[in-house]
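Chemist:
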Amino acid sequence: MDFIGAYSADNLKFLLDGLYITLIVAFVSIILSFVIGCIIGVIRYSEVPVLSPVMFYLVELIRNLPLLLIIFFIRFALPEVGIKLGLITAAIAALTIFEAAMIAEIVRGGLTSIDKGQIEAARSSGLSNFQTLWHIVLPQGLRRMVPPLVSQFISLLKDTSLAVVISLPELMHNANIVIGHSYGYAIPTLALVALIYFTVNFLLSMLSRRLENKTA
Amino acid sequence: MEFSILTNYFGLYMEGFYGTVLSSVLALIGSFLIGAVIAVFRITTVRALRWFGTAYVEFIRNIPLLLVVYIFYYGPSALGFTLDGFKAGTIGLAVYTSAFIAEAIRAGIMAVPKGQMEASRSSGLSYIQTMLHIILPQAIKLVIPPLGNQFINLIKNSSVLTLVAGLDLMYFADSISTETYRTFDTYIFVALFYLVLTLPLSYGVRVWERRLQRKY
Amino acid sequence: MKMSKSFKMLSVLMIAAMLVIAGCGNNNAKNNAGGNDAAAGAATDSEAIAKIKERGKLLVGVKYDTRLFGLKDPASGNVEGFDIDVSKAIAKKILGDENAIELKEVTSKTRIPMLNNGEIDMVVATMTITEERKKEVDFSDVYFQAGQSLLVKKGSPITGLDDVTKDTKILGSKGATSIKNIKEKVPGVTVLEFDNYQDAFSALKAGQGDALTTDDAILYGMASQDPGYEVVGEPFTDEPYGIAVQKGNTDVVKAVNDTLAELKTNGEYDAIYTKWIGKAPAK
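Protein chains in written order, with UniProt numbering: chain A, 1 to 216; chain B, 1 to 216; chain C, 1 to 283.
(1) Kindly indicate which residue of C/V252, C/D210, C/L161 and C/P240 has the alpha-carbon position closest to the one of C/T130.
(2) Under the three-state reduction of DSSP, which class applies to B/Y203: helix, strand or coil?
(3) Helix, strand or coil: how does DSSP classify C/V245 here?
(4) Could you tell me whether the region 61 to 76 of chain A touches the region 193 to 211 of chain A, where touching means 3 or more Cβ pairs closer than 8 Å?
(5) Just checking: is the beta-carbon of C/A206 within a distance shorter than 8 Å of some beta-carbon in chain B?
(6) Candidates B/L33, B/Y127 and B/L195: which alpha carbon is nearest B/A94's?
(7) Taking CB distances under 8 Å as the criterion, tell me whether C/A75 reaches chain A.
(8) Got a sec, what are the start and stop residues for the alpha helix (DSSP H) A/Y185 sits in?
(9) Have a look at the DSSP bridge pairing and note the partners of C/S149.
(10) At the level of alpha carbons, what is the spacing between A/G184 and C/D65?
(11) Going along chain B, which residues have a C-beta under 8 Å from A/Y197?
(12) Mind pulling the alpha helix (DSSP H) runs of 4 or more residues that sit fully within the region 62 to 105 of chain C?
(13) If you reduce the DSSP assignment to three classes, tell me which class C/G172 lands in.
(14) Classify B/F10: buried if its beta carbon has 16 or more other beta carbons within 10 angstroms, exposed otherwise.
(15) Residues of chain B with CB closer than 8 Å to the CB of A/K158, please, in chain order.
(16) With distances taken from CA atoms, which of B/R210, B/W208, B/S202 and B/L212 is nearest A/Y57?
(17) Verify the CB distance criterion: does B/A78 have a CB-CB separation below 8 Å to chain A?
(18) Where does A/T207 sit, in a helix, a strand or coil, going by DSSP?
(19) What residues in the region 192 to 206 of chain C bring their beta carbon closer than 9 Å to a beta carbon of chain B?
(20) Alpha carbon to alpha carbon, how far is B/V162 from A/V165?
(21) Do you know offhand how far C/D270's Cα is from B/G80's?
(22) Quick check on this structure: which residue in C/K154, C/Y220, C/G221 and C/L150 has the alpha carbon closest to the alpha carbon of C/V191?
(23) Do C/S140 and C/G242 have their C-beta atoms closer together than 8 Å?
(24) Is it true that the region 138 to 152 of chain B meets the region 1 to 20 of chain B, where meeting means three or more beta-carbon pairs spaced less than 8 Å apart?
(25) Quick check on this structure: which residue in A/P188, A/H173, A/F14 and A/G180 has the alpha carbon closest to the alpha carbon of A/I4?
(26) Anything in chain C within Cβ reach of A/V178, meaning under 9 Å, just list it in chain order.
(27) Where DSSP assigns a beta bridge to C/F144, which residues make up the other side?
(28) Suppose the cutoff is 7 Å on Cβ atoms and the five residues either side in sequence are ignored; what does the same chain contact list for A/I36 look like?
(29) Could you check whether A/I177 and A/A186 sit closer than 8 Å to each other, using their CB atoms as the reference points?
(30) Taking CB distances under 8 Å as the criterion, tell me whether B/L163 reaches chain C.
(31) Would you kindly report the start and end of the unbroken alpha helix (DSSP H) that includes B/Y171?
(32) Under 8 Å by Cβ, that's how I've got A/L168 and A/I21 pegged, so tell me the actual separation to the nearest angstrom.
(33) Residues in the same chain with beta-carbon distance under 8 Å from A/I136, minus the five sequence neighbours each way, listed in chain order, please.
(34) Interface residues of chain C around A/D10 at Cβ under 8 Å?
(35) Look up C/L161 in the DSSP assignment and say whether it is helix, strand or coil.
(36) My understanding is that B/F184 touches A/A90, with C-beta atoms under 8 Å, so please give their C-beta distance in whole angstroms.
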């Protein structure tokens, strides 16, 4: 084990370059998957004919496949049928599709948990379906969704590491390169990378706890 | 679509399928055992154990699975022995999943009303007896859906074995696609193999959840 | 009850979706293959070259993890090696500027898909010319002559191919010819494949296998990186490296071959070879 060599300025900078890609890809994917997941979740909750069942099957299909497969498939199989995405775009697309399916379930679950009596009361006091959803159901549902959503976002951030399979130069990929240069760096590098992931995710969950306290 | 890929390489697909199933089942057993112990740690009155349980769960949940697997893959050589890709991958999966299972079990135990513990204790049962005969049987019913979900995750997550040459479905898929040069077709079949495992499980979890909802 | 009905529906829908996708896949795969050939026939010369010139940049797929051929240096952030120098010479020939080049990371597993997706103009990545690959891509003339060999930890009982038995654990890289070769030379041998050579070498160092096999030139690069490892035995195959381009891009193949011929006559090839391999090429 060579801690001093592993933590040279060059290696640290190289790992931080990887972290930067990890954060960018995770950030964009979190935003996109949240928006798409909310839309699909609301569609599923609203029981729109045709559209809701179709969404159900799509979400089920994606949730039951490994993300690693989805990442590899989007990057290297879709081009065979004419859909060509660049490296970073493919990584973001795969993460977004997979996590949006997960988030859709969280959103639907959150909305369904709202007491039916409230909805009836709102409807009978003259609010439209959409108004009830927007003013009564969504605000309460969202509050309940915060904890599972945050753990999903943390999952997403961790899952970016699976993009090593398409050589995305994120944190794990760069760690592998550092380890490749000298095997004595393996354990020190993995330990440091674990610490980096832990710190980022821990900060994320702390942030969410503050958010929860504020909204509650 | 080249169905000949499936027939010509059926042996390799099955070998990978076997690896994926075996790794998932072993990791499920392992993660359940570790998870149960950690869950008990988290609810005991012994402060040191509680602290350890919390630290374990928080740390593991905030680092990527791939990193855990790499630690078991590269780490042992520093101690003078090795774990091959399949073993390191399966142990990594078990350790990673155990943190989530511990949380699921803990939540299940907490969901059983406190009054029951007090009532049983005052009617002369010991703490262990109460746990075994009163609390756990109820908790297990509640814990089955989240455990089922974790098993589905395990099957999907076992795909990381390919990154340490762990002889799973994704690993053999790579061998097949580099020979056929047909990434799309090869991986569609891989997806089907995963769905054969995960879809029935998802369905089972849903049915069980409905039954629970009807009861309470 | 409702559940089981929708589950049945799901199964039916999934199979339908698979068939549709399958159908599309089939058509498109055919179209692609046919399309490429057609493009080659109709567009023929200078179409691909014109595209490169219009872009003003040559997109080359190289390895990032192979010392001496294509290695990313964490310190400088640059990718360096024999393959990179050859790529630069080609960029100079086509575009008049050796820096009008963009390198993209490929592995043995990903280089053909990336080339056929049109993400890169050519693959210069320690790629052996084989009859099978010729069905997928077009190759330039041979630009490097390698041979498959074995890398082991110093003091290993393995001193050549003859010591490799069924019980030997061999490490290699997914999609490389060396995997197939060793399986043919030693039937029944255990081969573990990794996504790239770097992971394979890390695995060898972690004691996950007895020997790493690939082309000797790549192995010498690894041995120079870690003196605890050595290349043993004589090369047991011929691995002529070629530069791969999309099928039908004959104009690009011609430009590459012209560049290679020029480099050989003006002595630059020898200079690049000596710079990386440490000795002049055998005549």
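No residue lacks a Cβ here, since even glycine has one placed at the ideal position from N, Cα and C.
Since the structure is predicted, the reported quantities are computational estimates derived from the model, not experimental observations.
Modeler: For this structure:
(1) C/P240
(2) helix
(3) strand
(4) no
(5) yes
(6) B/L33
(7) yes
(8) Element bounds for A/Y185: n/a, residue is neither H nor E.
(9) C/T214
(10) 17 Å
(11) N62, I63, P64 and L67
(12) 82 to 95
(13) strand
(14) exposed
(15) N62, I63, P64 and L65
(16) B/S202
(17) yes
(18) One detail in the question is off: residue 207 of chain A reads as Leu in this sequence, not Thr. Helix, per DSSP.
(19) L192, E193, F194, D195, D199, A200, S202, A203, K205 and A206
(20) Going by the sequence as given, residue 162 of chain B is Thr instead of Val. About 9 Å.
(21) 45 Å
(22) C/L150
(23) yes
(24) no
(25) A/P188
(26) P74
(27) C/Y241
(28) T96 and A100
(29) no
(30) yes
(31) L169 to T180
(32) 7 Å
(33) I114, Q118, I119, A122 and L127
(34) P74 and A75
(35) helix
(36) Not confirmed; about 14 Å, so no contact.
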